[in-house]
Each structure stands twice: as C-alpha cells, then as structure tokens.
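> Numbering (my numbering), first residue to last: 15 to 443.
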Amino acid sequence: MEVIMISSCLVGRESNEISNTIIRLELNPWDLRLLPIVPIQRGLIFHKPAHSQNIIHHLKNSLSRALNSFPPLAGRLAATQHHDGTKSYFVDCNNAGAEFTHAAAAAVSVSDLIGPNYIPDIVYSFFPLDRVTNFEAISEPLLAVQVTELADGLFLGCAANHAVVDGTSFWHFINSWSEISRGLDTISKTPVFERSNKPVKVSGDDNHLPPSMMQTPPLLKKVFHFGKESLAKLKDKANSSGGTDKISSYQALAALLWRATTRCQKSINIHTHVSSQEVDFILLVGARSRIGLDEGYFGNAIYTVGTSTTRRELLQNGIGYAALKINELVKQQTREAAIEDFEDSENRAFMRKWPSFFIIGSPRHDVYGNDFGWGKPVGVRCGRGRDTDGKITIFPAAESGGVDLEVTLAAEKMVALEDDPEFISALAL
C-alpha cells in the first residue's frame, strides 16, 4: 500500500493583524520539560464526504481562519542564548504558518485502519512531523496537518509541538477548527494566553531523549474497548476488593492495566527474585482545575508523579490494592502540590526515565465531536512518535461513557495481555 504526497504548503492566519493579539509566548517550566520529546500526533478517520471535490481547499481556508484565534500555532519556536550559558525558549507568533500536506492512499480503506486485530504500520505514513523532537521546531512548524484521501474516506493527521500544547490545548484547537469548518462564525471556547513574560532559563544540555525512548523492541499496537457498563462493573469490583467506595472508574481501569502489564513482563534473568522487584505507576496530572487556571488556558498544564510497590504485593493483593494506591496518589495532587511541581527548578525532566507502563490521554477530551462538515469521525489513531513498550493512550469511545485504549507493547507482551484472564474478563464484564 502506497502513500502518494500530492502537495504541501504553509497556511498562515487569515488575518495578519497583530494588534490586540499575542506576539510572543515564553515557555514556562511545564512547557520546557517537554522539549526533549516528540510532538503530539493524533489522527481522525472519516468516511468519505458526499461532496469531496473542494474538501482540500475548504480545509485550508478553515485552518487559516482557526489560526486567527491560535496565533502561536502559526508561529515558530525560538531560543535566546544568555551570557551565563543558559537558554530560554519562546514562541514567536510571526505567522510563518502551519504545514498542510495533501496525500492519497487509494488502496487503503477505512476498514483497513479500524478493522484489523493490530493497527497497521501504514497509519504512520499519515502523520506529519514524524520522529522530530520538540526543540527541533526552531526549523519546523509548530503545527502540521496531513489530509490523506483513502479509497472510501479521509484520514486527518495532526501533529503539534508538545512544548507548546498539552492534550487539552491540542484538542481545544482541533475542536475549534472543526467548528469553523462546519460553518460557525466564532469558536465556542476562546483560548487564554495569559502567563508570565519572564524568560525561564535552562541549561544547554537538557535536550536529549531518555535511552529507553530511543531504543525500543518490535512493537504491536491494538485498540481495546471498554463500554460504559464494563467500566461501571470494574469500578464496583475494585471498590469491593479494596473495601471502599472512593475508587473512580479511571482508577479501577488504571489498576487493571497496571496489574495486567506487570504480569506480561518476563524476567530477563530467571534466577532473579522478580517477586521483590519494584513496579512503578506513573500518573499524568492535569493542573488547570487544581490551580485555578482557565479551562481555555493554552499551553502545558500537566506534570507526572508516581508510586510503586513490589511485584508480589501488586499481583497478590487484588485489584483493590492497586486501585487504592492510585487513589491515594490522586488525592495527594492538591493545589499546593501542583504549584510546588511547577516551581521545582531542579525537576526539569518530564520523566527522568521511561517506565515499563504508563497511561497518557484522557477520556474527557472531545474526540468524536469533531464534525468538520461531513459527519463525525469513526475512529482515532496515534502516530508512532512516542511509541514505547508499555505506552497506553486512553480516548473516549464513540458511544457515551465508554473508553478506547490504544495499547503499545512488545510482541510477546501483547500476546500475553490478550491471554490475561483478569484483563480479558474485565473486557467482557
């Protein structure tokens, strides 16, 4: 299956007026920690529009209009070198433009992307900014879009510099673009760019990837679906096991995944006492509501925290034990904890090491509401930029109340997960 690149261009804001808008955006500590990793890559799958003759022209025009409300995404990353050897980074809202690519994969159908047992590698050809790091965006657009025409549909692949947006801001932009595209005169939620204009200095040696992210074994990706009823039953099971009523659906699901992926790990050395090994859980924390930021705050308002236990304790004590540990970790994330993390100048790394299992994404993001004028998407996929063994991306499902998990594992671990009794039984609850 071949992907043909038809055209590529830069799309700037429709209006180049810079009065009453943002001109420069200093990166703050939460932004800076994401410089060494790769852009957010998300793609929406659509059935072919009934009238598709002018769809590319229409998407370019609506993108330009949407960028009027999001000037940083039409800009470029810039760095200031200071006399003490440090650097600071900012977004120059210079309207250099977002990248827009038109491609075609005539032999690929929608069912090829959402039907197979495992996600096919051809999907990665539908994403721009593949495997560049965020700090390389000094020479790359901060936002890139690739519209790939399929045999019976469209794939809208979007990539945005993660040092400029987190998942909430990313989907805020996509939601706004879809509103403009389907005919709304104004977007429903205005982005908020208020932040300190004081540069944050960082040393010049922070821009490197953790070794475990650069070197990965052959990976498989698969989507697992949990319906609303399955999540409710899993939540009840976790609360009953833990002797509490405080565990949320997300915490119960995270506990299930923590236990299942741990069981899938094979000891490198069979003589190692694997039961006493520490197993980590990394929590991605959203800070907007915790510190009183506006819901439309544009930028990164996320950080990571973790907890751990031994393999024996995790697997022998039941799902309630794991869920309670996650619940306690969540409860510790107060306003004070978030501010302390933001102000921790020594904690520069988003993750000091990549764990064997971690969850990104959120079931709260509006994915399936993105109607660009020809109907809602029928699927969502990730690019490969951040693919590591043990990465799980959570999306809301197409139907209300459910979730879809895009699971990335080494091949032998994926086979083990597919045969894991607790995990498979939870899918069927």
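From the three backbone atoms N, C-alpha and C, an ideal C-beta is built for every residue, glycine too.
1. Which value, in whole angstroms, describes the spacing of the CA atoms of Glu113 and Phe141?
2. Excluding the 5 residues flanking Ser139 on each side, which residues of the same chain have their C-beta closer than 6 Å to its C-beta?
3. Given this structure, state the Cα-to-Cα distance separating Ser471 from Asp308, to the nearest angstrom.
4. Note the first and the last residue of the continuous beta strand (DSSP E) segment covering Leu234.
5. Look at the alpha carbon of Phe184 and the alpha carbon of Ala174, and state the distance between them as a whole number of angstroms.
6. Check Gly181 in the structure and name its three-state DSSP category.
7. Check the C-beta distance from Asn341 over to Gln265 and give it rounded, since I have them as a contact under 8 Å.
8. Which runs of the alpha helix (DSSP H) at least 4 residues long sit entirely within the stretch 152-211? Give them in chain order.
9. What whole-angstrom Cβ distance do Ala121 and Met19 have, given they're in contact under 8 Å?
10. What are the boundary residues of the alpha helix (DSSP H) that Lys339 is part of?
11. Report yes or no: do three or more beta-carbon pairs, one from the stretch 163-181 and one from the stretch 201-213, lie closer than 8 Å?
12. Per the DSSP calculation, Gln279 is bridged to which residue(s)?
13. For Ser78, I'd like the list of residues in its chain whose CB is within less than 6 Å of its CB, leaving aside the five on either flank, ordered along the chain.
14. Identify whether Pro43 lies in helix, strand or coil by the three-state DSSP scheme.
15. Just the C-alpha distance for Val344 and Lys260, rounded to the nearest angstrom, thanks.
16. In the DSSP assignment, what residue or residues form a beta bridge with Leu298?
17. Count the other CB atoms within 10 Å of the CB of Asp403; is the residue buried (16 or more) or exposed (fewer)?
18. For Ala336, collect the residues of the same chain with a Cβ closer than 7 Å to its Cβ; drop the 5 residues on either side in sequence, then sort them by chain order.
19. Alpha carbon to alpha carbon, what distance is there between Glu150 and His96?
20. Helix, strand or coil, according to DSSP, for Leu270 in the structure here?
21. Determine whether the beta carbon atoms of Pro391 and Phe169 lie at a separation below 7 Å.
22. At which residues does the beta strand (DSSP E) containing Pro410 begin and terminate?
23. Taking the beta strand (DSSP E) that Lys101 belongs to, which residues open and close that run?
24. Below 8 Å on the Cβ atoms is my guess for Phe240 versus Val417; work out the distance and round it to an integer in Å.
25. Would you call Lys235 buried or exposed, if buried means 16 or more other Cβ atoms sit within 10 Å of its Cβ?
26. Just how far apart, CA to CA, sit Ser372 and Arg145?
27. DSSP three-state call for Ser66: helix, strand or coil?
28. Mapping the DSSP letters down to three states, classify Arg56 as helix, strand or coil.
29. Exposed or buried, what is Cys23 when buried is set at 16 or more other beta-carbons lying within 10 Å of its beta-carbon?
30. Looking only at its own chain, which residues have a Cβ that is under 6 Å from the Cβ of Asn253, when we skip the five neighbours before and after it?
31. Thinking just about the alpha-carbon of each residue, which of Gly397, Leu267, Leu41 and Arg395 is nearest to the one in Ile438?
32. Quick one: using the 10 Å Cβ neighbour count with 16 as the cut-off for buried, is Ser303 buried or exposed?
33. Determine, using beta carbons only, whether Asp385 and Arg196 come nearer to each other than 7 Å.
34. Of all the options Leu91, Asn331 and Leu41, which has the alpha carbon lying nearest to the alpha carbon of Ser289?
35. Does the Cβ-Cβ distance between Ala430 and Pro231 come in under 7 Å?
36. I need the straight-line Cα distance from Glu193 to Asp135, nearest angstrom please.
Once the coordinates are examined:
1. Within the sequence shown, residue 113 is the residue found at index 99, counting from 1. Within the sequence shown, residue 141 is the residue found at index 127, counting from 1. Taking the Cα positions, Glu113 is about 12 Å away from Phe141.
2. Here residue 139 refers to the residue found at position 125 when the sequence shown is read from its first residue. A distance below 6 Å between beta-carbons, with the five flanking residues on each side excluded, links Ser139 to the following residues of its chain, in chain order: Val17.
3. Any answer about residue 471 is impossible in this case: the structure gives the chain only from 15 up to 443.
4. Here residue 234 refers to the residue found at position 220 when the sequence shown is read from its first residue. Per DSSP, Leu234 belongs to the beta strand (DSSP E) from Leu233 to Phe240.
5. Looking up residue 184 in the sequence shown gives position 170. Looking up residue 174 in the sequence shown gives position 160. Taking the straight line joining both Cα atoms gives about 7 Å.
6. For the purposes of this step, residue 181 is taken as residue 167 along the sequence shown, with counting starting at 1. In the structure shown, Gly181 sits in a helix (DSSP, three-state: H, G or I).
7. Counting from one through the sequence shown, the residue named residue 341 turns up at place 327. Counting from one through the sequence shown, the residue named residue 265 turns up at place 251. Indeed they touch by this definition, with Cβ atoms about 5 Å apart.
8. Runs of the alpha helix (DSSP H) inside the stretch 152-211: 181-195.
9. Taking the first residue of the sequence shown as position 1, residue 121 is located at position 107. Taking the first residue of the sequence shown as position 1, residue 19 is located at position 5. Incorrect: roughly 15 Å between the Cβ atoms, too far for contact.
10. Along the sequence shown, one-based indexing puts residue 339 at 325. Here the alpha helix (DSSP H) through Lys339 covers Ile333 to Lys345.
11. The stretch 163-181 is not in contact with the stretch 201-213.
12. Locating residue 279 in the sequence shown gives position 265, counting from the first residue. According to DSSP, which records beta bridges pairwise, Gln279 is partnered with nothing at all.
13. For this step, residue 78 is matched to residue 64 along the sequence shown. Val25 and Glu28.
14. The residue labelled residue 43 in the question sits at position 29 within the sequence shown. The three-state secondary structure of Pro43, taken from DSSP, is helix.
15. What you label residue 344 is simply residue 330 of the sequence shown in a count that begins at 1. What you label residue 260 is simply residue 246 of the sequence shown in a count that begins at 1. Each residue's alpha carbon lies about 11 Å from the other.
16. Numbered from 1 along the sequence shown, position 284 holds the residue referred to as residue 298. Note: Leu298 sits in a beta bridge opposite Thr318.
17. Here residue 403 corresponds to residue number 389 of the sequence shown, with the count starting at 1. The residue in question, Asp403, is buried, as its Cβ has 16 or more Cβ neighbours within 10 Å.
18. Translated into the one-based positions of the sequence shown, residue 336 becomes position 322. Excluding residues up to 5 positions away in sequence, Ala269, Trp272, Arg273 and Leu328 lie with their Cβ nearer than 7 Å to the Cβ of Ala336 in the same chain.
19. Start at 1 with the first residue of the sequence shown, and residue 96 comes out as number 82. Start at 1 with the first residue of the sequence shown, and residue 150 comes out as number 136. Rounded to whole angstroms, His96 to Glu150 spans 19 Å at the Cα level.
20. Reading the sequence shown from its first residue, position 256 is the one you call residue 270. Helix.
21. Here the question's residue 391 lines up with position 377 in the sequence shown. Here the question's residue 169 lines up with position 155 in the sequence shown. No, the pair does not count as a contact, with Cβ atoms beyond the cut-off.
22. Against the sequence shown, residue 410 aligns to sequence position 396. Segment Lys405 to Pro410, the beta strand (DSSP E) holding Pro410.
23. On the sequence shown, position 87 is the one that residue 101 refers to. Lys101 to Asp106 is the extent of the beta strand (DSSP E) around Lys101.
24. Your numbering for residue 240 matches position 226 in the sequence shown. Your numbering for residue 417 matches position 403 in the sequence shown. So it is a contact: roughly 5 Å between Cβ atoms.
25. Start at 1 with the first residue of the sequence shown, and residue 235 comes out as number 221. Buried: at least 16 other Cβ atoms inside 10 Å.
26. Within the sequence shown, residue 372 is the residue found at index 358, counting from 1. Within the sequence shown, residue 145 is the residue found at index 131, counting from 1. Checking the displayed sequence, the identity of residue 372 turns out to be Phe instead of Ser. Between the alpha carbons of Phe372 and Arg145 lies a gap of roughly 20 Å.
27. Locating residue 66 in the sequence shown gives position 52, counting from the first residue. DSSP places Ser66 in coil when its eight states are reduced to three.
28. Here residue 56 refers to the residue found at position 42 of the sequence shown. If DSSP states are grouped into helix, strand and coil, Arg56 belongs with the strands.
29. Your numbering for residue 23 matches position 9 in the sequence shown. Classification for Cys23: exposed.
30. Working through the sequence shown from its first residue, we reach residue 253 at position 239. Its chain contains Asp259 and Ile261 as the residues whose beta carbon lies nearer than 6 Å to that of Asn253, once the 5 sequence neighbours on both sides are disregarded; these appear in chain order.
31. Within the sequence shown, the letter at position 424 stands for residue 438. Cα-wise, what sits closest to Ile438 is Leu267.
32. Position 289 of the sequence shown, counted from the start, is the residue given in the question as residue 303. Exposed: under 16 other Cβ atoms inside 10 Å.
33. By 1-based counting over the sequence shown, the position of residue 385 is 371. By 1-based counting over the sequence shown, the position of residue 196 is 182. Yes, the pair counts as a contact, with Cβ atoms nearer than the cut-off.
34. The residue you call residue 289 lines up with position 275 of the sequence shown. For the residues Leu91, Asn331 and Leu41, the minimum Cα distance to Ser289 belongs to Asn331.
35. On the sequence shown, residue 430 is found 416 positions in, with the first residue counted as 1. On the sequence shown, residue 231 is found 217 positions in, with the first residue counted as 1. Between Ala430 and Pro231, the gap from beta carbon to beta carbon reaches 7 Å or more.
36. As a position in the sequence shown, residue 193 is number 179, starting the count at 1. As a position in the sequence shown, residue 135 is number 121, starting the count at 1. When rounded, the distance between both Cα atoms is 31 Å.
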